[in-house]
Amino acid sequence: MDNAIKSSIILSESADDGLKDLENILEKKVANSTGLIKLYVALLQSLEIKHEIVITSDRQKLKFDEEFEAHNFLTDFLIYFPELKTYLSPTDMQSRYGYPPALLTDNYGLFIKEVSLGDYKSGVGKIKYINSLAADKTVDKMEIDVRFDAEDNTSNLIRLVRSFSGYYGMPIHPYMSLIAGEDRENVLKGLAETMNENVVVEKSEVVNENPELFGIKPIQFEIDLKSDAFVDKAGNKYLFKIGELIGPQIQMYQEKKRILPLENEFKRSYYRSITITLPTGYRVANLDDLNIDNKYEEQGKELFSFKSFYELNGNVLKVTADEYYRANFVPPAIFEEYRKVINSAADFNKITLILEPSS
Numbered sequence: 008m009d010n011a012i013k014s015s016i017i018l019s020e021s022a023d024d025g026l027k028d029l030e031n032i033l034e035k036k037v038a039n040s041t042g043l044i045k046l047y048v049a050l051l052q053s054l055e056i057k058h059e060i061v062i063t064s065d066r067q068k069l070k071f072d073e074e075f076e077a078h079n080f081l082t083d084f085l086i087y088f089p090e091l092k093t094y095l096s097p098t099d100m101q102s103r104y105g106y107p108p109a110l111l112t113d114n115y116g117l118f119i120k121e122v123s124l125g126d127y128k129s130g131v132g133k134i135k136y137i138n139s140l141a142a143d144k145t146v147d148k149m150e151i152d153v154r155f156d157a158e159d160n161t162s163n164l165i166r167l168v169r170s171f172s173g174y175y176g177m178p179i180h181p182y183m184s185l186i187a188g189e190d191r192e193n194v195l196k197g198l199a200e201t202m203n204e205n206v207v208v209e210k211s212e213v214v215n216e217n218p219e220l221f222g223i224k225p226i227q228f229e230i231d232l233k234s235d236a237f238v239d240k241a242g243n244k245y246l247f248k249i250g251e252l253i254g255p256q257i258q259m260y261q262e263k264k265r266i267l268p269l270e271n272e273f274k275r276s277y278y279r280s281i282t283i284t285l286p287t288g289y290r291v292a293n294l295d296d297l298n299i300d301n302k303y304e305e306q307g308k309e310l311f312s313f314k315s316f317y318e319l320n321g322n323v324l325k326v327t328a329d330e331y332y333r334a335n336f337v338p339p340a341i342f343e344e345y346r347k348v349i350n351s352a353a354d355f356n357k358i359t360l361i362l363e364p365s366s
């Protein structure tokens, strides 16, 4: 229902009364924010789906104060489904069911529940917390398979499978099926070039691009490419820049002590799996460089973590890097621990494997 409305109704900023009228909205396919909210509520009531109206605020503009009563905090609408414990934004046309605007979560809101007494209907309001989505609901995943050209060890054949779910998928998944021709090719090429600009895309396809699959299956980009940007020759050795396969990473440097808390938009996870078929007659001299383990725990629960490790079976090296952030708020007292985890990905990005003759 959410996808159908946001794919067919145009949101207008006009205050015209006709844009609040349901019959007019269904006929002309244009509504203002009040009209859209009325449309959602009417459909949910017709379908007998239990829901509550939630009014809250963007926490980066004005955080909802549950102790102080003021209309200033009542700026944004959500619809809450108590049986499913999920939310929907009726007026943010970029969002989809289950993934409300992230800055409206991890915040308080006014929950309004309809109550009936005979034919009389009214609403009862209660201030409650709007929980944000777990880190495993928003994932950026990379699965990379690397082979060395049989004729030239400085050239690689690479298969990249990259998938996005949750808030990472929301900017593109609902619209990917509408992108065609050169624009579509540019999207896929751009993803490949996040590794390095000097790559040649040989084949590519998109899996799960149906917009109705958003929130159910991640959108997946499968790209075959070739590049000579990741290997340098040094005498009888080769320097393989494995870390650059995951692309540039955020680096946080701060000389002064942090005074204010850090606040993220949403919780998130990153997963990278790199399988490398080593060239015949060569071994990796510095495998231990791949082992990174930085994390921060509170009360036995890991809040932030970056861990990379490897497995070597014959000439096949599999490297895994797992990273996640399970809290949006970072107080100054633990900022250094958070920064260490963030910088771990940048440290991984700098790893170069030394391939030397095995005998």
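The letter at position 180 of the sequence shown is residue 187 when you use this note's numbering, and the numbering goes up by one with no holes.
Virtual Cβ for every residue (Gly too), placed ideally from N, Cα, C.
| Query | Result |
| --- | --- |
| Three-state secondary structure assigned by DSSP to residue 3 | The displayed coordinates of the chain run from 8 to 366. Any statement about residue 3 would go beyond what the structure contains. |
| Simplified DSSP assignment, three categories, for residue 71 | coil |
| Whole beta strand (DSSP E) elements within the stretch 233-282, 3-residue minimum | 238-241 and 244-247 |
| Per-residue DSSP class, three states only, for residue 364 | strand |
| Boundaries (first-last residue) of the alpha helix (DSSP H) holding residue 4 | No statement about residue 4 is possible, as the shown extent of the chain runs from 8 to 366 and does not include it. |
| Collapsed DSSP secondary structure at residue 164 in the structure displayed | strand |
| Length-filtered (3 minimum) beta strand (DSSP E) runs lying within the stretch 120-185 | 127-137, 146-155 and 163-171 |
| Which of helix, strand or coil DSSP assigns to residue 206 | coil |
| Contact under 8 Å by Cβ, residue 120 with residue 76 | no |
| Burial state of residue 185, where buried means 16 or more other Cβ atoms lie within 10 Å | exposed |
| Given residue 150 as reference, the closest of 329, 289, 346 and 8 once Cα atoms are compared | 329 |
| Residue nearest to residue 364 in terms of C-alpha spacing, selected from 347, 315 and 291 | 291 |
| With 16 other Cβ atoms within 10 Å as the buried cut-off, status of residue 35 | exposed |
| Rounded Cβ spacing between residue 299 and residue 351 (contact assumed at less than 8 Å) | 5 Å |
| Three-state class that DSSP yields for residue 98 in the structure shown | coil |
| Of the residues 63, 141, 131 and 127, the one placed nearest residue 110, counting alpha carbons only | 63 |
| Minimum C-alpha distance to residue 140 - residue among 26, 94 and 69 | 94 |
| Cβ shell of residue 82 (< 6 Å), same chain only, five flanking positions each side left out | 64 |
| As assigned by DSSP and simplified to three states, the class of residue 104 | coil |
| Test item: CB-CB of residue 47 and residue 97 under 8 Å | yes |
| Strand pairing of residue 63, partner residues [DSSP] | 83 |
| Beta-carbon proximity check, residue 9 vs residue 104, cutoff 8 Å | yes |
| Any chain D beta carbon closer than 8 Å to residue 106 | Absent here is chain D; the protein component of the structure consists of one chain. |
| Beta-carbon spacing of residue 316, residue 302 below 8 Å | no |
| Where the alpha helix (DSSP H) containing residue 333 begins and where it ends | Taken as a continuous stretch (DSSP letters only), residue 333 belongs to no alpha helix (DSSP H), as it is neither H nor E. |
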